[in-house]
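For reference, the structure is listed below as structure tokens.
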Amino acid sequence: MKNYITTPIYYVNGEAHIGHAYTTFIADTLARHSRLIGNETYFLTGTDEHGQKIEEAAKKLEKPTQEFADEISATFRNLWDEFDISYDQFIRTTDETHKKGVQAAFLKMHENGDIYKDFYEGNYCVSCESFFPESQLMDGGGCPDCGRATTIVKEESYFFRLSKYEKPLLEYYEAHPEFILPKSRRNEVISFVKGGLNDLSVTRTSFSWGVHLPESLNEPKHVMYVWLDALMNYVTALGYGSDEAKMDFWPANVQLVGKDILRFHAIYWPAFLMSLGLPLPKHIGAHGWWTRDGEKMSKSKGNVVDPREVSKHYGVENFRYFMMREVPFGQDGDFSQRALIDRMNSDLSNDLGNLLNRIIGMSEKYSDFVIDSINVEKYHSKELDDAHTILSSLENYLGELQLHRYLEELWKVFTIGNKAIEEHAPWVKIKEGRNDEALATVALVANLLAKASVMLHSIMPSTTATIADALGFEITTESYTKLILNKGLLDTFTIKKIPPLFPRVDEPLMQEAPKAMIEEAPKVEHPVLEDKKESTVSLEGLITIDQFFQTSLKIGTVLNAQEVPKSSKLLKLQVDLGEDSPRQIIAGIREYYSAESLIGTQVCVVANLKPAKLMGMLSEGMILAAKDADGLCLIRPEKTRLSGSSVG
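Mind the numbering: the sequence shown is residues 1 to 648 in the numbering used here, read in order.
So, in structure tokens, the structure goes:
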């Protein structure tokens with residue numbers, strides 16, 4: 001089976017940050033697992049290097065644009081090499097083969113009538129490389145995505161007939177509910193498309209840094225819209241428009257993106273593919289954003305997480321594990337050193353590392369390091385069956401990109417091992433002369449460690465290779481087949497004594513990010529005025545910014561609303577917060593809003609409240625509203641935002 005996995009190609013306007021690392025870690029995990037189970041796998045990553053933003057950045061640094069792009073692109077590639085990312089190809093949009101493929105695609109879409117020439121006038125955001133209708137702009141003409149100022153642009157342009165694909169796209173979403181992952185993101189995309197698709201401007205004449213149109217069109221002043229150029233990389237990397245050497249890997253199995261570029265990948269990209277007569281990818285996976293210590297990261301705050309620095313202090317595989325385990329795919333995550341340290345000490349040191357240390361120590365005392373599986377099934381069939389049930393369920397979580405659940409379930413195998421040692425107490429049985437039983441328990445745990453290490457290998461390849469070596473085997477497709485698919489056991493081996501894999505960490509190893517501080521107001525001497533009462537502001541009850549960020553406020557989209565029987569005040573809402581499934585929220589707003597009027601609207605939700613029961617129904621959050629003598633009104637975002645967007 002062929003399996004094609006891609007990251008987005010990263011824009012070279014800055015060096016790699018934690019979001020880039022997160023996407024790449026996920027893709028690398030999927031690629032490594034695919035190879036492990038025997039699939040012929042192709043893993044693509046790279047850099048997006050065209051567009052006005054790059055041209056302007058190079059000018060500011062007084063560098064040739066190509067030289068600037070070369071430098072930034074190299075920082076990405078070097079980082080992925082340092083992190084041992086197992087990509088098969090690192091593509092750059094400045095590659096000549098890519099340009100050739102994009103031109104071939106443009107010509108084909110033009111020849112079949114999907115591209116035509118006209119004039120465009122609208123508000124253009126250089127930062128986002130996107131046009132926006134006036135109705136979507138923020139107050140003052142700001143970009144609805146990044147907030148930066150937009151400019152009015154009027155220029156000759158070629159257009160792609162995106163409107164033609166509105167119905168085919170909706171039909172495809174309906175027929176393939178797994179196309180967009182997590183599935184909660186489907187609603188946003190479908191809603192956008194149902195709102196109507198305008199034809200897309202796909203060339204520019206106001207700058208020159210990009211892929212020029214095919215010579216046969218005789219349009220030397222036009223360069224391609226950066227998103228048409230960039231999206232085509234997924235097929236030009238396989239040889240589209242040139243030798244087509246690897247096109248048998250298409251369609252991609254998984255294409256990973258951040259949620260901010262989901263629209264381009266779930267609407268524009270499939271429309272381009274339909275125009276070219278190419279099949280659509282099986283899954284577009286959109287993950288959330290990362291904050292630091294509850295705050296949005298920014299260079300001005302000095303709190304941007306440098307993945308290289310985290311790796312240097314904590315180890316790249318511990319970092320990988322933390323990011324995969326800490327947050328459900330699709331939701332926003334928060335990086336803090338304390339959370340990373342807790343994961344390392346609890347999951348890795350206590351559960352995994354300590355379990356390996358214990359069987360090394362017991363095998364040294366009881367059997368001169370020799371471990372034999374001969375009696376494991378005789379004395380521990382129940383533990384083996386429980387472990388195999390867990391291990392056989394893991395593929396489903398990977399298929400849905402729920403790596404946190406994958407790891408959560410996998411860790412139950414280590415729990416079985418630790419519990420077996422406590423319950424069967426090999427040291428007691430050795431004293432009682434029941435050596436076969438004691439050694440069977442040690443061998444059981446060794447086998448559990450081996451099987452779990454095989455399934456952890458795609459996330460922590462170096463660490464698990466060390467564990468496997470200590471246990472006398474190598475993690476390969478053959479050992480996967482033997483230990484996981486066939487539920488086999490390790491051959492007799494001599495375990496190696498190795499240093500602890502996960503030393504405990506007690507204090508943060510990196511400098512903490514600066515936190516926003518509430519400055520105490522300066523004391524001011526006020527003149528004493530006759531008959532004037534002294535004005536004071538009590539500091540009692542004030543909270544710090546850290547306390548505020550303990551509350552998670554998120555934008556939610558109301559998917560369904562119903563009146564609660566026997567209640568004149570309550571409505572039962574199903575609210576999409578960008579999670580695997582909607583939240584049920586019971587809200588006392590029936591006197592002010594009908595159920596029908598709320599469906600499809602957005603609200604602000606306190607997302608980390610402890611669930612509570614109201615009239616016997618579970619409520620998993622609270623909707624924010626303001627109330628005065630004139631009644632109650634919901635607190636809503638000024639403009640539509642992605643479900644799950646943080647409020648702060």
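Virtual Cβ for every residue (Gly too), placed ideally from N, Cα, C.
- Within the same chain, S184, N187, G556, T557, L559, P582, S643 come within 7 angstroms of D576 by CB-CB distance, once the 5 residues on both sides are set aside.
- Bridge partners of V603 according to DSSP: G556.
- In this structure F322 is in contact with R343, their Cβ atoms being roughly 5 angstroms apart against a cut-off of 8 angstroms.
- DSSP links M224 through a beta bridge to T203.
- With contacts defined by Cβ atoms closer than 7 angstroms, A27 and I9 do not form a contacting pair.
- Per DSSP, the beta bridge partners of H283 are V254.
- In the DSSP secondary-structure assignment, E121 is bridged to K154.
- The C-beta of W427 has fewer than 16 other C-beta atoms within 10 Å across all chains shown, which makes the residue exposed.
- Using a Cβ-Cβ distance cut-off of 8 angstroms, the region 316 to 332 and the region 469 to 489 are not in contact, since fewer than three pairs of beta carbons, one from each stretch, lie closer than that value.
- Under the three-state reduction of DSSP, H33 is assigned to helix.
- The alpha-carbon of L200 is positioned some 5 angstroms away from that of F160.
- As the crow flies, the alpha-carbon of E395 is around 11 angstroms from that of E409.
- Between the alpha carbons of L609 and K296 lies a distance of about 21 angstroms.
- Collapsing the DSSP output to three states places D332 in coil.
- Runs of the alpha helix (DSSP H) lying entirely within the region 33 to 112 and spanning at least 4 residues, in chain order: 52 to 60, 65 to 82, 96 to 111.
- When L632, Y240, T150 are compared, the shortest CA-CA separation from E591 is found for L632.
- DSSP, read as helix, strand or coil, puts A339 in helix.
- Taking 7 angstroms as the cut-off, the beta carbon of G417 is found no closer than this to the beta carbon of V442.
- Within the region 331 to 401, the runs of alpha helix (DSSP H) at least 4 residues long that lie entirely inside it are, in chain order, 337 to 343, 354 to 367, 376 to 399.
- Ranked by Cα distance from F249, the first of S363, F43, L197 is F43.
- In this structure, the CA atom of T94 is about 43 angstroms from the CA atom of S393.
- Runs of alpha helix (DSSP H) with 4 or more residues, each lying fully within the region 474 to 514, are found at 477 to 480, listed in chain order.
- Contact between N123 and T150 holds, with the beta-carbon distance rounding to 4 angstroms and staying under 8 angstroms.
- Within its own chain, no residue has a Cβ closer than 6 angstroms to the Cβ of E67 once the five positions on either side in sequence are excluded.
- Shown here for A266: same chain residues with a beta carbon closer than 7 angstroms to its own, the five before and five after excluded, namely I180, V189, I284 in chain order.
- Looking at the backbone, the Cα of G14 and that of E40 are separated by about 33 angstroms.
- Here G644 carries a coil assignment [DSSP, helix/strand/coil].
- Between G46 and V226, the CB-CB gap reaches or exceeds 7 angstroms.
- About 5 angstroms separates the beta carbon of T492 from that of D372, a gap short enough to meet the 8 angstroms contact definition.
- In the pairwise beta carbon analysis, the region 101 to 120 is classified as touching the region 209 to 229: at least three pairs are separated by under 8 angstroms.
- In the three-state scheme derived from DSSP, where H, G and I count as helix and E and B as strand, H212 is classed as strand.
- A distance of 7 angstroms or more separates the beta carbons of D118 and S275.
- DSSP, read as helix, strand or coil, puts I586 in strand.
- For the 7 angstroms CB-CB criterion, I589 and L571 form a contact.
- A straight line joining the alpha-carbon of T24 with that of V316 spans about 13 angstroms.
- Within the DSSP bridge table, the entry for T6 names L44, Q255 as partners.
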